[in-house]
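J.:
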Amino acid sequence: MPELPEVECIAQGLRCGTHDSPPLLGKRIARVSLRWPGHIAQPSPSTFRRRIRGQTILDVRRRGKYLVFPLDEYTMLIHLGMSGDLSVAPSDSAPGRFEHTVIFFEDQWELRFSDARKFGRVFLVRDPQSVLGKLGPEPLSKSFTAKELASRLAGRRRALKPLLMDQRFIAGVGNIYADEGLFRAGLHPLRRTDSLQEEEIRSLWKGMRAALRAGIRHSGASIDWVYRGGGFQNRFRVYQRTGEPCFKCKTAIQRIVVAQRGTHFCPQCQREDGK
DNA sequence: CACGAGACCTGTTCGC
DNA sequence: TGCGAACAGGTCTCGT
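In terms of the working numbering, the first sequence opens at residue 100 and continues consecutively.
1. Is the region 228-240 touching the region 293-303, taking contact as three or more C-beta pairs under 8 Å?
2. For the pair the region 236-254 and the region 189-207, tell me if three or more CB-CB distances fall below 8 Å.
3. Could you check how far apart the C-beta atoms of Leu311 and Thr292 are, in whole angstroms? I think they sit under 8 Å.
4. Flag this pair as touching only if the region 330-341 and the region 270-281 have three or more C-beta atom pairs under 8 Å; answer yes or no.
5. Indicate whether Leu223 and Arg150 have their beta-carbon atoms separated by less than 7 Å.
6. Would you mind reading off the limits of the beta strand (DSSP E) that contains Asp184?
7. Going by Cα to Cα distance, which pick from Ile177, Lys217, Gly180, Leu176 is closest to Arg196?
8. Would you call Ser182 buried or exposed, if buried means 16 or more other Cβ atoms sit within 10 Å of its Cβ?
9. Identify whether Glu297 lies in helix, strand or coil by the three-state DSSP scheme.
10. Go ahead and pull the three-state DSSP assignment for Gln359.
11. Whose CA, out of Lys305, Ala358, Arg225, Thr155, lies closest to the CA of Phe243?
12. Thinking Gly319 and Cys108 are a contact (beta carbons under 8 Å), I'd like their distance in whole angstroms, please.
13. Sort Leu248, Gly285, Ala140 by Cα distance to Arg267 and report the nearest one.
14. Just checking my contact of Leu179 with Gly219 at CB under 8 Å: how many whole Å lie between their CB atoms?
15. By the three-class DSSP mapping on this structure, what secondary structure does Phe364 have?
16. Report, in whole angstroms, the separation of the C-beta atoms of Gly285 and Cys368, which I expect to be a contact under 8 Å.
17. Would you list the residues sitting across from Thr200 in a DSSP beta bridge?
18. If you follow the alpha helix (DSSP H) that Tyr276 is in, where does it begin and where does it stop?
19. Residue range of the beta strand (DSSP E) that Thr174 falls in?
20. For Gln141, I'd like the list of residues in its chain whose CB is within less than 6 Å of its CB, leaving aside the five on either flank, ordered along the chain.
21. So Arg370 and His287 are supposed to be a Cβ contact under 8 Å. How far apart are they, rounded?
22. Whose CA, out of Leu170, Phe364, Ile128, Val187, lies closest to the CA of Arg283?
23. Tell me where the alpha helix (DSSP H) around Arg161 begins and ends.
24. Can you find the residues in the same chain that come closer than 8 Å, C-beta to C-beta, to Trp208, ignoring five residues on each side of it along the sequence?
25. How is the alpha helix (DSSP H) around Gln228 delimited, first residue to last?
26. Under three-state DSSP, which class holds Gln141?
27. Going by DSSP, what residues sit across from Gln353 in a beta bridge?
28. Tell me which residues share the same chain as Ile355 and place their Cβ nearer than 6 Å to its Cβ, disregarding the 5 neighbours each side in the sequence.
29. What is the DSSP secondary structure of Val337, reduced to helix, strand or coil?
Laid out in structure tokens, this is it:
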């Protein structure tokens, strides 16, 4: 489930608390349960277990699709993969079926990392840049202007969608928001980046940012049984709307495969030749 | 440098 | 009802 908007909403919930869980700030870690040690990317599970004990959570942030937890001596990073989700629950509540990694706090609350497909990963490092260093800019940051996008596109000649999903190019965009942003921009997912006009780059910038902001505004997208609480799935304009009428022109939304990912677009509003 | 295929995982849904 | 295929929010590595 987790692309930039979903991770952002999860981070906010952990930082500020929700109706049924307290903020994590200031909580001290008592111990961890690693039911599936493969979750721990770095260091080894045994070292992770030893080093994290006694650390206090000082903040909860997001960078790209990573959740970032600054601790006293280390930084813990969590990538939710395809099916990951985090929740804060009291220690006496029933554990979920896929909660492979659990961090217990001294006050009887715990942070539970649920991950059915086991693509998620946890890092505990001294320098967060060792994990985050290769990420591209934050698309919603003030410094990410249309000009900045244009200069990063310069000299590139790739299909648009795979480039948008390349985390080194822009951080946080995944399959849903790539499709939704391209629709808003009126650009075909296979459009070559070296054929974009200045005006189209501006549309791309606006469209991607609008899609991401809409996702955050609606608390992210909840599909299937995975992430709960979001409402953006009800506002998809193309994603998983194969065969349904385009909201702009009524043409049937088409599904193709791009870079091995299901890709949805309106063949009328997003023409490959640029119209 | 760009791109496709395969790997890593498991669950749900759909067609026959 | 059962069974295999297709599909799912991501990313890494390898070969061309």
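Note that the Cβ used here is the ideal one computed from N, Cα and C, for glycine as well.
T.: On the basis of the supplied data:
1. no
2. no
3. Start at 1 with the first residue of the first sequence, and residue 311 comes out as number 212. Start at 1 with the first residue of the first sequence, and residue 292 comes out as number 193. Incorrect: roughly 19 Å between the Cβ atoms, too far for contact.
4. yes
5. Position 124 of the first sequence holds residue 223. Position 51 of the first sequence holds residue 150. Yes, the Cβ-Cβ distance between Leu223 and Arg150 is below 7 Å.
6. Within the first sequence, the letter at position 85 stands for residue 184. Its beta strand (DSSP E) spans residues 183-189.
7. Here residue 196 corresponds to residue number 97 of the first sequence, with the count starting at 1. Cα-wise, what sits closest to Arg196 is Lys217.
8. Here residue 182 refers to the residue found at position 83 when the first sequence is read from its first residue. It is buried - the Cβ of Ser182 has at least 16 other Cβ atoms within 10 Å.
9. Here the question's residue 297 lines up with position 198 in the first sequence. In this structure, Glu297 counts as helix in the three-state DSSP scheme.
10. Translated into the one-based positions of the first sequence, residue 359 becomes position 260. Coil, per DSSP.
11. As a position in the first sequence, residue 243 is number 144, starting the count at 1. Minimum Cα distance to Phe243 is reached at Lys305.
12. On the first sequence, position 220 is the one that residue 319 refers to. On the first sequence, position 9 is the one that residue 108 refers to. 5 Å between Cβ atoms; contact.
13. Counting from one through the first sequence, the residue named residue 267 turns up at place 168. Of the listed residues, the one whose Cα sits closest to Arg267 is Leu248.
14. The sequence position of residue 179 within the first sequence is 80, counting from 1. The sequence position of residue 219 within the first sequence is 120, counting from 1. Contact flag correct, Cβ pair sits at about 5 Å.
15. Your numbering for residue 364 matches position 265 in the first sequence. Correct three-state label for Phe364: strand.
16. Sequence index remark: in the first sequence, residue 285 carries index 186 (1-based). Sequence index remark: in the first sequence, residue 368 carries index 269 (1-based). About 6 Å; that satisfies the 8 Å criterion.
17. Position 101 of the first sequence, counting from 1, holds the residue named residue 200. Note: Thr200 sits in a beta bridge opposite Leu133, Phe212.
18. As a first step, residue 276 must be located in the first sequence, where it is residue number 177. Note, Tyr276: alpha helix (DSSP H), 274-284.
19. By 1-based counting over the first sequence, the position of residue 174 is 75. Note, Thr174: beta strand (DSSP E), 174-178.
20. Taking the first sequence and counting its residues from 1, the one referred to as residue 141 is at position 42. These residues qualify, in order along the chain: Phe222.
21. Position 271 of the first sequence holds residue 370. Position 188 of the first sequence holds residue 287. Rounded, the Cβ-Cβ distance is 6 Å, consistent with contact.
22. Within the first sequence, numbered from 1, the residue matching residue 283 stands at position 184. Checking every option, the nearest Cα to that of Arg283 belongs to Phe364.
23. Translated into positions along the first sequence, residue 161 becomes position 62. It is not in any alpha helix (DSSP H) - Arg161 instead sits in the beta strand (DSSP E) that spans 160-162.
24. Translated into the one-based positions of the first sequence, residue 208 becomes position 109. Once the five neighbours on either side are set aside, the close Cβ partners of Trp208 are Ser120, Pro121, Lys126, Val187, Ala188, Pro189, Ser190.
25. What you label residue 228 is simply residue 129 of the first sequence in a count that begins at 1. First-last of the alpha helix (DSSP H) with Gln228: 228-231.
26. By 1-based counting over the first sequence, the position of residue 141 is 42. Here Gln141 sits in strand by DSSP.
27. The residue labelled residue 353 in the question sits at position 254 within the first sequence. For Gln353, which the question treats as bridged, DSSP gives the partners Phe364.
28. Here residue 355 refers to the residue found at position 256 of the first sequence. Excluding residues within five positions, the ones whose Cβ falls inside 6 Å are Thr362.
29. As a first step, residue 337 is located in the first sequence; it is residue number 238 there, counting from the start. It is coil, neither helix nor strand.
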